[in-house]
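Engineer: As they're listed, the protein sequences go chains X and D. Under my numbering, think of the first position of the first sequence as 1, with each following residue one higher. Under my numbering, think of the first position of the second sequence as 321, with each following residue one higher. Backbone N, C-alpha and C define an ideal beta-carbon position, used for all residues, glycine too.
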Amino acid sequence: MAPFVRSGQFVDVSDVWEANGLKTSLKSALASMTIDGKQWGVPYTYYQRGMYYNKTVFAEHGVSVPKTWDEFLAACATFKAAGIDCTTTGTKALWPGGGWFDYMNLRTNGYEFHMELTGGDVEWTDDRVRKTFENWAQLVEPGYVTRNHAAIDWQDALPLLVQGKAATYLMGNFAVAPLKDAGMTDDTLGFFQFPEITPGIPMAEDAPTDTIHIPVGAKNPEDAKKFLAFLATAQVQTDINEILGQLPVNNASTSPDDPFLDAGFEMLSNAYALAQFFDRDAPAAMAKAGMEGFQEFMVKPDNIDRILKRLEKVRKRAYK
Amino acid sequence: MPGGNRTGVWRRNQRRLAPWLFLAPGLAMFLIYVIYPILDSLWLSFFEWDGLGEKLWLGWENYVELFDDEAFYTSLKNNVIWLLLYLLAVPAGLFIAIFLNQTVTGIRIYKSLFFFPFVISQVVVGLMFSWFYAPNFGLLYTLIEAVTGTGVAILANERFVTYGIIAAGLWPQIAYCMILYLTGLNNVSPDQIEAGRLDGARGWRMLWHVILPQLRPATFIAVVVTVTGALRSFDLVSIMTDGGPFGSSRVLSFYMYEQALSEYGYRMGYGAAIAVILFAIMMLFITGFIWKMVKDERAGV
Numbered sequence: 001m002a003p004f005v006r007s008g009q010f011v012d013v014s015d016v017w018e019a020n021g022l023k024t025s026l027k028s029a030l031a032s033m034t035i036d037g038k039q040w041g042v043p044y045t046y047y048q049r050g051m052y053y054n055k056t057v058f059a060e061h062g063v064s065v066p067k068t069w070d071e072f073l074a075a076c077a078t079f080k081a082a083g084i085d086c087t088t089t090g091t092k093a094l095w096p097g098g099g100w101f102d103y104m105n106l107r108t109n110g111y112e113f114h115m116e117l118t119g120g121d122v123e124w125t126d127d128r129v130r131k132t133f134e135n136w137a138q139l140v141e142p143g144y145v146t147r148n149h150a151a152i153d154w155q156d157a158l159p160l161l162v163q164g165k166a167a168t169y170l171m172g173n174f175a176v177a178p179l180k181d182a183g184m185t186d187d188t189l190g191f192f193q194f195p196e197i198t199p200g201i202p203m204a205e206d207a208p209t210d211t212i213h214i215p216v217g218a219k220n221p222e223d224a225k226k227f228l229a230f231l232a233t234a235q236v237q238t239d240i241n242e243i244l245g246q247l248p249v250n251n252a253s254t255s256p257d258d259p260f261l262d263a264g265f266e267m268l269s270n271a272y273a274l275a276q277f278f279d280r281d282a283p284a285a286m287a288k289a290g291m292e293g294f295q296e297f298m299v300k301p302d303n304i305d306r307i308l309k310r311l312e313k314v315r316k317r318a319y320k
Numbered sequence: 321m322p323g324g325n326r327t328g329v330w331r332r333n334q335r336r337l338a339p340w341l342f343l344a345p346g347l348a349m350f351l352i353y354v355i356y357p358i359l360d361s362l363w364l365s366f367f368e369w370d371g372l373g374e375k376l377w378l379g380w381e382n383y384v385e386l387f388d389d390e391a392f393y394t395s396l397k398n399n400v401i402w403l404l405l406y407l408l409a410v411p412a413g414l415f416i417a418i419f420l421n422q423t424v425t426g427i428r429i430y431k432s433l434f435f436f437p438f439v440i441s442q443v444v445v446g447l448m449f450s451w452f453y454a455p456n457f458g459l460l461y462t463l464i465e466a467v468t469g470t471g472v473a474i475l476a477n478e479r480f481v482t483y484g485i486i487a488a489g490l491w492p493q494i495a496y497c498m499i500l501y502l503t504g505l506n507n508v509s510p511d512q513i514e515a516g517r518l519d520g521a522r523g524w525r526m527l528w529h530v531i532l533p534q535l536r537p538a539t540f541i542a543v544v545v546t547v548t549g550a551l552r553s554f555d556l557v558s559i560m561t562d563g564g565p566f567g568s569s570r571v572l573s574f575y576m577y578e579q580a581l582s583e584y585g586y587r588m589g590y591g592a593a594i595a596v597i598l599f600a601i602m603m604l605f606i607t608g609f610i611w612k613m614v615k616d617e618r619a620g621v
């Protein structure tokens, strides 16, 4: 949203938010829809990201759902010993690595820091960023992540979870449909919130939100604003998301009846704050270089100094 | 006679004007679709522009940044590797052509089989080779795994990835060179071969001194299409790796696309600067070829 707002392509719709009480009904998305104290669009759907896991594999190895990073690493060691990838991913399209960084950084340093970093206000060579990568290395270095993830797409990693060759998968809720198509059921597929890393840091989540905006120069902005108000109502959001199979943003809506959406709704309603995903929170040039760096880190964790220096160089240029 | 004057002008200049009239449609196309975009890209490379907002004059800044850009040197290096290895298609095509240039029953079927890879789309070639290299189920991966114990995912390995893509590119390119040589071989004069044979030339000497000189036009075209093919390699990189892992299989044309037009791009000026550099490299080769062609023609070869 930010590039369009900054280049003056979107109409300020703060009055729609004010007049319809959206600041309470769409509260969870208020922060991400606000730039310079104004609102620039209306969100109508979002979905959760988190750990999808193979319940059968967990049960076979006597692993229970990890709540903390240490528990997660312990589970990983168990799976590794059994020849199972603790967590799988496919980073060919880069963004799945972005999701990993988001959670590592949100859990290590918290939401505010993550926003400062993606907003270009913190150096990539900062010690707090290094801390994030140090934690991440605990997962990468022992080989807990699927090898060769750089060569495969996110869909290519799904069979590994289905066949029990991998135990977990950090993904968006859209992965549930193909996983169920491949034979997983509510009994074999589970979902858990990304574990806590630094104790005491409020849990923020990644929840990419889809939004509707009015372009500058629209012929009929008055009716467009009426449409935005309509789209923000509880009933409309219930109906849309019933069809999309995603979560309504309006907190008076009812979400579709589905155990994964229920879990997501529960998690996001209690979230401290919502990040939009690395490639939406950071500007395009930073996002691209960043996710490329994350992929490199997930293959060659020793290159971290070079990667961070490169990202710092991009940061200096990307936020003018 | 009314209007006689006009016809007079036409009559008098007909011979001078007619060639230009015939050339006009082609020239117009060339100006609009080739010359103008080249100049416009050159002009654009001095600006910062996201395709939406205002253009911002930067002067040489895009080029300064480019020459300090790790990704640019990776792309340049890969382009050089492409260029050198892609040229293998020329001798390989020649030998397959010579091998197929015989009269055996069903030779047409063999020729079409060898020509087959050139007929299928680059996208299909890319996908086939991606699966060939794919970790866990790819043929090559499982072969390597069977022999050495651990599989190597070519496309996830920053050292092998470019070679893996070039191998995929060579497959159709060899077929292309082969077909160029097959047509060339049809025109090799049997008298000269006969004469060579009487003089005792056989095998390699026959090939080198009698056949190859007669294939020069075919060789020229084969080298030109292979060099330009290597420099504009884009589709295979895009299909097979998207420039990855972490940007190590980028080539200049792909980097240009990434910067200017991809999801994370919209840096039109920077993309244009890359395009200008790529254009300069291509010009170097094309001028070289044209210079050689003109020289050969003057020498009467």
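#1: Does chain X have any CB closer than 7 Å to the CB of ALA473 (chain D)?
#2: Kindly indicate which three-state DSSP category GLU368 (chain D) falls into: helix, strand or coil?
#3: Find out if the Cβ-Cβ distance for the pair VAL176 (chain X), LEU26 (chain X) is shorter than 7 Å.
#4: Round the Cβ separation of TYR453 (chain D) and LEU460 (chain D) to the nearest angstrom and send it over; I've been treating them as touching at under 8 Å.
#5: In the structure shown, what three-state DSSP assignment does ALA78 (chain X) receive?
#6: Give me the DSSP bridge partner(s) of ASN196 (chain X).
#7: With a threshold of 7 Å between beta carbons, is GLY591 (chain D) in contact with chain X?
#8: Quick check on THR503 (chain D): buried or exposed, where buried means 16 or more other Cβ atoms within 10 Å of its Cβ?
#9: Within a Cβ cutoff of 6 Å, which residues of the same chain sit near PHE605 (chain D), ignoring the five residues on either side of it in sequence?
#10: So if DSSP puts VAL42 (chain X) in a beta bridge, which residue, or which two residues, is it bridged to?
#11: Would the beta-carbon of ILE212 (chain X) fall within 7 Å of that of VAL42 (chain X)?
#12: If you follow the alpha helix (DSSP H) that ASP181 (chain X) is in, where does it begin and where does it stop?
#13: Please check the pair MET267 (chain X) and THR91 (chain X), which I expect to be a contact at CB under 8 Å, by giving their CB distance rounded to whole angstroms.
#14: Compute the Euclidean distance between the alpha carbons of TRP69 (chain X) and PRO195 (chain X), then round it to the nearest angstrom.
#15: Do the stretch 100-111 of chain X and the stretch 263-278 of chain X meet, that is, are 3 or more Cβ pairs less than 8 Å apart?
#16: In chain X, what lies closer than 7 Å to TYR586 (chain D) by C-beta?
#17: What does DSSP give as the partner residue(s) for TRP377 (chain D) in the beta ladder?
#18: Is VAL410 (chain D) closer than 7 Å to CYS497 (chain D) when the C-beta atoms are compared?
#19: Provide the residue span of the alpha helix (DSSP H) that contains MET498 (chain D), from first to last.
#20: Apply the 10 Å Cβ neighbour rule to TYR356 (chain D) and answer buried if 16 or more other Cβ atoms are within range, or exposed otherwise.
#21: Would you mind telling me which residues of chain D sit closer than 7 Å to ASN148 (chain X), beta carbon to beta carbon, in chain order?
#22: Who are the Cβ neighbours of MET321 (chain D) in its own chain at under 7 Å, not counting the five residues just before and after it?
#23: How would you write the range of the beta strand (DSSP E) that GLU51 (chain X) sits in, first residue to last?
#24: What residues in the stretch 343-373 of chain D have a beta carbon less than 8 Å from any beta carbon of chain X?
#25: Could you check whether the Cβ of PHE566 (chain D) sits closer than 7 Å to any Cβ belonging to chain X?
#26: Just verifying my parser: in three-state terms, what is the DSSP assignment at GLY190 (chain X)?
#27: So if I threshold CB-CB distances at 8 Å, which residues from the stretch 390-403 of chain D count as touching chain X?
#28: Can you tell me whether DSSP reads ALA630 (chain D) as helix, strand or coil?
#29: For GLU368 (chain D), which residues from the same chain have a beta carbon less than 6 Å from its beta carbon, with the 5 sequence-adjacent residues on both sides left out?
#30: Answer yes or no: does any C-beta atom of chain D fall closer than 7 Å to that of LYS356 (chain X)?
#31: What are the start and end residues of each continuous alpha helix (DSSP H) run of 4 or more residues lying completely inside the stretch 221-248 of chain X, in chain order?
#32: With C-beta atoms as the reference, is PRO455 (chain D) less than 7 Å away from ASN148 (chain X)?
#33: Excluding the 5 residues flanking ASP322 (chain X) on each side, which residues of the same chain have their C-beta closer than 7 Å to its C-beta?
#34: Check the Cβ of ASP616 (chain D) against every Cβ in chain X and list those closer than 9 Å, keeping chain order.
#35: Please name the residue, chosen from X:CYS86, X:TRP17, X:ILE197, that lies closest to GLU141 (chain X) on a Cα-to-Cα basis.
#36: Of all the CB atoms in chain X, is at least one closer than 7 Å to the CB of MET321 (chain D)?
Structural biologist: In brief:
#1: Within the second sequence, the letter at position 153 stands for residue 473 (chain D). By this cut-off, ALA473 (chain D) is an interface position.
#2: Looking up residue 368 (chain D) in the second sequence gives position 48. Strand, per DSSP.
#3: If you number the first sequence from 1, residue 176 (chain X) lands on position 176. If you number the first sequence from 1, residue 26 (chain X) lands on position 26. Cβ atoms of VAL176 (chain X) and LEU26 (chain X): not closer than 7 Å.
#4: Against the second sequence, residue 453 (chain D) aligns to sequence position 133. Against the second sequence, residue 460 (chain D) aligns to sequence position 140. Right, the Cβ-Cβ distance comes to about 6 Å (below 8 Å), so this counts as a contact.
#5: For this step, residue 78 (chain X) is matched to residue 78 along the first sequence. One point to set straight first is that residue 78 (chain X) is Thr, not Ala, in the sequence displayed. Under the three-state reduction of DSSP output, THR78 (chain X) falls in the helix class.
#6: Sequence index remark: in the first sequence, residue 196 (chain X) carries index 196 (1-based). Note that residue 196 (chain X) corresponds to Glu in the displayed sequence, not to Asn. The secondary-structure analysis by DSSP pairs GLU196 (chain X) across a beta bridge with X:THR68.
#7: Within the second sequence, the letter at position 271 stands for residue 591 (chain D). Using beta-carbon distances, GLY591 (chain D) does not count as an interface residue toward chain X, since no partner is under 7 Å.
#8: Here residue 503 (chain D) refers to the residue found at position 183 when the second sequence is read from its first residue. Result: exposed.
#9: The residue given as residue 605 (chain D) occupies position 285 in the second sequence. VAL547.
#10: Within the first sequence, residue 42 (chain X) is the residue found at index 42, counting from 1. Note: VAL42 (chain X) sits in a beta bridge opposite X:ILE212.
#11: The residue given as residue 212 (chain X) occupies position 212 in the first sequence. The residue given as residue 42 (chain X) occupies position 42 in the first sequence. Yes; because the gap between Cβ atoms is below 7 Å, this pair is in contact.
#12: For the purposes of this step, residue 181 (chain X) is identified with residue 181 of the first sequence, where counting begins at 1. 176-181 is the span of the alpha helix (DSSP H), which, as asked, contains ASP181 (chain X).
#13: Indexing the first sequence from 1 puts residue 267 (chain X) at position 267. Indexing the first sequence from 1 puts residue 91 (chain X) at position 91. Contact between MET267 (chain X) and THR91 (chain X) fails: their C-beta atoms lie close to 24 Å from each other, not under 8 Å.
#14: Here residue 69 (chain X) refers to the residue found at position 69 of the first sequence. Here residue 195 (chain X) refers to the residue found at position 195 of the first sequence. If you take the alpha carbons of TRP69 (chain X) and PRO195 (chain X), they lie about 6 Å apart.
#15: As far as the Cβ criterion goes, the stretch 100-111 of chain X touches the stretch 263-278 of chain X, which means the pair count is three or higher.
#16: Within the second sequence, residue 586 (chain D) is the residue found at index 266, counting from 1. Correct list: ALA284.
#17: Walking along the second sequence from the start, residue 377 (chain D) turns up at place 57. TRP377 (chain D) is bridged by DSSP to D:PHE367.
#18: Position 177 of the second sequence, counted from the first residue, corresponds to residue 497 (chain D). Position 90 of the second sequence, counted from the first residue, corresponds to residue 410 (chain D). With contacts defined as CB atoms closer than 7 Å, CYS497 (chain D) and VAL410 (chain D) qualify as a contacting pair.
#19: If you number the second sequence from 1, residue 498 (chain D) lands on position 178. Following the DSSP letters along the chain, one finds MET498 (chain D) inside the alpha helix (DSSP H) bounded by residues 481-506.
#20: What you label residue 356 (chain D) is simply residue 36 of the second sequence in a count that begins at 1. Exposed, since its Cβ has fewer than 16 Cβ neighbours within 10 Å.
#21: In the first sequence, residue 148 (chain X) corresponds to position 148, counting from 1. Per Cβ cutoff of 7 Å: PRO455, ALA473, ALA476.
#22: For this step, residue 321 (chain D) is matched to residue 1 along the second sequence. Low confidence applies to MET321 (chain D): its pLDDT is 48, below 50, so where it sits in the model is not reliable enough to give any reading.
#23: Here residue 51 (chain X) refers to the residue found at position 51 when the first sequence is read from its first residue. The sequence given here has Met at residue 51 (chain X), not Glu. That run of the beta strand (DSSP E) goes 49-54.
#24: Within the stretch 343-373 of chain D, contact with chain X at the beta-carbon level (separation under 8 Å) is assigned to ASP370, LEU372, GLY373.
#25: Here residue 566 (chain D) is taken as the residue at index 246 of the second sequence, counted from 1. At least one chain X Cβ lies under 7 Å of PHE566 (chain D).
#26: Position 190 of the first sequence, counting from 1, holds the residue named residue 190 (chain X). GLY190 (chain X): strand per DSSP, three-state reduction.
#27: So the list reads GLU390, given in the order they occur along the chain.
#28: For residue 630 (chain D) there is no data in the structure shown, the boundaries of chain D being 321 and 621.
#29: Working through the second sequence from its first residue, we reach residue 368 (chain D) at position 48. Contacts found: LEU376, LEU378, GLY589.
#30: Lying before the first or after the last residue shown, residue 356 (chain X) is absent from chain X, which here runs from 1 to 320.
#31: Taking only runs of at least 4 residues, the alpha helix (DSSP H) segments lying wholly in the stretch 221-248 of chain X are 221-231, 234-244.
#32: The count along the second sequence starts at 1 and reaches residue 455 (chain D) at position 135. The count along the first sequence starts at 1 and reaches residue 148 (chain X) at position 148. In this structure, ASN148 (chain X) lies closer than 7 Å to PRO455 (chain D) by Cβ.
#33: A query on residue 322 (chain X) cannot be resolved here, the shown segment of chain X reaching from 1 to 320 and no further.
#34: On the second sequence, residue 616 (chain D) is found 296 positions in, with the first residue counted as 1. Here the premise fails: no neighbours, minimum Cβ distance about 46 Å.
#35: To locate residue 141 (chain X), count along the first sequence from 1; it is residue 141. Ranking the options by Cα distance to GLU141 (chain X), first place goes to X:CYS86.
#36: Within the second sequence, numbered from 1, the residue matching residue 321 (chain D) stands at position 1. At MET321 (chain D), the pLDDT of 48 sits below 50, so the modelled position is not reliable; the number obtained from the coordinates is stated separately. It does not; no Cβ of chain X falls within 7 Å.
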